[in-house]
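Peer 1: Note that the protein sequences, when read in sequence, are chains A and B.
Quick note: the first sequence, position 148, residue 148 per this note's numbering, numbers continuous.
Count along the second sequence from 1, add 148, and you get the number used in this note's numbering.
Ideal placement from N, C-alpha and C gives every residue a C-beta, glycine not left out.
Input: one structure, supplied below.
There are 2 protein chains.
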Amino acid sequence: MGDKYEALKLKNQLCFPLYACSKEIVKAYKPYLDEIDLTYTQYITMMVMWEHKELRVKDVGKYLYLDSGTLTPLLKRLEEKGYIKRQRSPEDERDLIVTITESGEALRKKAVKIPEKLGACVDIDSEKAQALYSILYEIIGKLTDAEK
Amino acid sequence: MGDKYEALKLKNQLCFPLYACSKEIVKAYKPYLDEIDLTYTQYITMMVMWEHKELRVKDVGKYLYLDSGTLTPLLKRLEEKGYIKRQRSPEDERDLIVTITESGEALRKKAVKIPEKLGACVDIDSEKAQALYSILYEIIGKLTDAEK
DNA sequence: AGAACATAGATTGTGCGCAATTAAATTTTA
DNA sequence: TAAAATTTAATTGCGCACAATCTATGTTCT
């Protein structure tokens, strides 16, 4: 009981269930995302594009906590699928402007059912969901503000 | 306000903060894990090995929710580093038995400070941590039991 | 204006993470 | 007991995720 390595046991970790839960939920999305030929990361990227229509790569990265190493190839794939356009900003050639296409907008109609389908899988009561949500953003805030 | 696509907005997702939080915490581990030359996944794998000393790949996978596609190369890397041994079971040649080495045991002493170091980074009050923990395992349970 | 600095995205390399498939060993069933 | 089914790990292929580096473009500072 309570040996000196207690803190190193899996069951005493907070990060592990977070890591495992995140993976399992993403896995639960898969059958629904397969229907619209998107990965989870592509899906959340389309989410910010559906909402903002036009963004620099940099801003997409800020919303999603992703860098260009992840986004550059991912955005190229979304462009190949026809959901977005990528073009340099005329004002500042360093910026790459991502714009949603009509086909990308059309995809939104297909995707609109996904949140409720997933809600049915996870099925957690709304107080717990709210608690979870606020604690997660509290942690994210601490980890990403402190940074600089 | 509350258009028909409200459910598709990033701020209304529960999975996204989970996904982002998981990544940010793993990132927070990195400087400490770098010191002992482990990735996060290797670290949690060592955690189950520190506790159990000897396990089949299958059981490691059950503890960590990982399959052989992830574990086979990861365990080979840990074997190269000298922390574990991999050998077939004589009773059932299908099973691969993973055993911790002395060097692997020694690593535990170096790792023992990591949980508190990370606690200092995340710094969340213990009621919230407890709530988070139990909600996460509730979701994990629903997603992994329902499966079969 | 020219040099130093800063910024944005692309590239490279490593390691997951997982679906799908394969191969070998074992168990079950007819 | 021979054939079919199951179990286990390994392999293959793809897409992240991220650190580190590189390149091109802008900005700032003398």
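1. Take residue 198/B and list the residues in its own chain whose beta-carbon comes closer than 6 Å to its own, dropping the five residues that flank it on each side.
2. In whole angstroms, what separates the C-alpha of residue 76/A from that of residue 187/B?
3. According to DSSP, is residue 85/A part of a helix, a strand, or is it coil?
4. By the DSSP assignment, the beta strand (DSSP E) with residue 242/B in it spans what residues?
5. Determine the chain B residues that contact residue 48/A at a beta-carbon separation under 7 Å, and present them in chain order.
6. Within 10 angstroms of the Cβ of residue 278/B, are there 16 or more other Cβ atoms? Answer buried if so, exposed if not.
7. Along the alpha helix (DSSP H) that carries residue 266/B, what are the first and last residues, could you check?
8. Closest by CA to residue 111/A, which one among 36/A, 65/A and 135/A?
9. Measure from the C-beta of residue 59/A to each C-beta in chain B and report whether the shortest distance is under 9 Å.
10. Which residues share a DSSP beta bridge with residue 247/B?
11. Kindly list the residues whose CB is nearer than 7 Å to the CB of residue 71/A, restricted to its own chain and excluding five residues on each side of it in sequence; keep chain order.
12. Indicate whether residue 143/A and residue 172/B have their beta-carbon atoms separated by less than 9 Å.
13. Curious, which full-length alpha helix (DSSP H) runs of at least 4 residues does the region 149-200 of chain B contain?
14. Am I right that residue 158/B and residue 48/A are in contact with their C-beta atoms under 8 Å? What's the rounded C-beta distance?
15. Quick one: list the residues of chain A neighbouring residue 237/B, beta-carbon separation under 8 Å, in chain order.
16. Relative to the C-alpha of residue 228/B, which residue among 174/B, 237/B, 251/B and 165/B is closest?
17. Where do the N-terminal and C-terminal ends of the alpha helix (DSSP H) with residue 71/A fall, by residue?
18. With a threshold of 16 other CB atoms inside 10 Å of the CB of residue 115/A, please say whether the residue is buried or exposed.
19. Taking Cβ-Cβ distances shorter than 7 Å, what residues in chain A pair up with residue 251/B?
20. Could you check if residue 89/A is buried or exposed, using at least 16 other CB atoms within 10 Å of its CB as the buried criterion?
21. Using the C-alpha atoms, what's the distance from residue 100/A back to residue 288/B?
22. For residue 230/B, I'd like the list of residues in its chain whose CB is within less than 7 Å of its CB, leaving aside the five on either flank, ordered along the chain.
23. With H, G and I counted as helix, E and B as strand and the rest as coil, what does DSSP make of residue 273/B?
24. If you draw a straight line from the C-alpha of residue 95/A to the C-alpha of residue 160/B, how long is it?
25. Note down, in chain order, every chain B residue with its Cβ under 8 Å from the Cβ of residue 28/A.
26. Measure from the C-beta of residue 100/A to each C-beta in chain B and report whether the shortest distance is under 9 Å.
27. When the distance is taken between beta carbons, is residue 280/B closer than 9 Å to residue 136/A?
Peer 2: Per the coordinate set shown:
1. Counting from one through the second sequence, the residue named residue 198/B turns up at place 50. Here the set comprises 256.
2. As a first step, residue 76/A must be located in the first sequence, where it is residue number 76. As a first step, residue 187/B must be located in the second sequence, where it is residue number 39. When rounded, the distance between both Cα atoms is 28 Å.
3. For the purposes of this step, residue 85/A is taken as the residue at position 85 of the first sequence. Here residue 85/A sits in strand by DSSP.
4. Within the second sequence, the letter at position 94 stands for residue 242/B. Element bounds for residue 242/B: n/a, residue is neither H nor E.
5. Counted from its first residue, the first sequence places residue 48/A at position 48. Simply 158.
6. Taking the first residue of the second sequence as position 1, residue 278/B is located at position 130. Under this definition residue 278/B is an exposed residue.
7. Numbered from its first residue, the second sequence carries residue 266/B at position 118. First-last of the alpha helix (DSSP H) with residue 266/B: 262-270.
8. The residue given as residue 111/A occupies position 111 in the first sequence. Cα-wise, what sits closest to residue 111/A is 36/A.
9. As a first step, residue 59/A must be located in the first sequence, where it is residue number 59. Not an interface residue.
10. Along the second sequence, one-based indexing puts residue 247/B at 99. Per DSSP, 202/B and 233/B.
11. In the first sequence, counting from the first residue as 1, residue 71/A sits at position 71. The answer, listed in chain order, is 57, 60 and 61.
12. Your numbering for residue 143/A matches position 143 in the first sequence. Your numbering for residue 172/B matches position 24 in the second sequence. A contact, by the Cβ cut-off of 9 Å.
13. 163-183 and 188-200
14. Taking the first residue of the second sequence as 1, we reach residue 158/B at position 10. Taking the first residue of the first sequence as 1, we reach residue 48/A at position 48. 6 Å between Cβ atoms; contact.
15. Along the second sequence, read from residue 1 onward, the residue named residue 237/B stands at position 89. What residue 237/B touches in chain A: nothing, since even the nearest Cβ is about 23 Å away.
16. Here the question's residue 228/B lines up with position 80 in the second sequence. The candidate whose alpha carbon is nearest that of residue 228/B is 251/B.
17. Position 71 of the first sequence, counting from 1, holds the residue named residue 71/A. Element bounds for residue 71/A: 68-80.
18. The residue you call residue 115/A lines up with position 115 of the first sequence. By the 10 Å Cβ count, residue 115/A comes out buried.
19. For this step, residue 251/B is matched to residue 103 along the second sequence. Under the 7 Å cutoff, chain A gives no residues; its nearest Cβ is about 16 Å from residue 251/B.
20. Your numbering for residue 89/A matches position 89 in the first sequence. The residue is exposed, with fewer than 16 neighbouring Cβ atoms inside 10 Å.
21. If you number the second sequence from 1, residue 288/B lands on position 140. If you number the first sequence from 1, residue 100/A lands on position 100. Cα to Cα, residue 288/B sits roughly 35 Å from residue 100/A.
22. The residue you call residue 230/B lines up with position 82 of the second sequence. Result list for residue 230/B: 249 and 251, in chain order.
23. Along the second sequence, read from residue 1 onward, the residue named residue 273/B stands at position 125. Coil at residue 273/B, not helix or strand.
24. Working through the first sequence from its first residue, we reach residue 95/A at position 95. Working through the second sequence from its first residue, we reach residue 160/B at position 12. Each residue's alpha carbon lies about 28 Å from the other.
25. Residue mapping note: residue 28/A aligns to position 28 of the first sequence, counting from 1. Going along chain B in sequence order, the residues near residue 28/A (Cβ under 8 Å) are 291.
26. Residue mapping note: residue 100/A aligns to position 100 of the first sequence, counting from 1. It does not: the Cβ of residue 100/A has no partner Cβ on chain B nearer than 9 Å.
27. Residue 136/A sits at position 136 when you count from the first residue of the first sequence. Residue 280/B sits at position 132 when you count from the first residue of the second sequence. Cβ distance < 9 Å, so residue 136/A and residue 280/B count as in contact.
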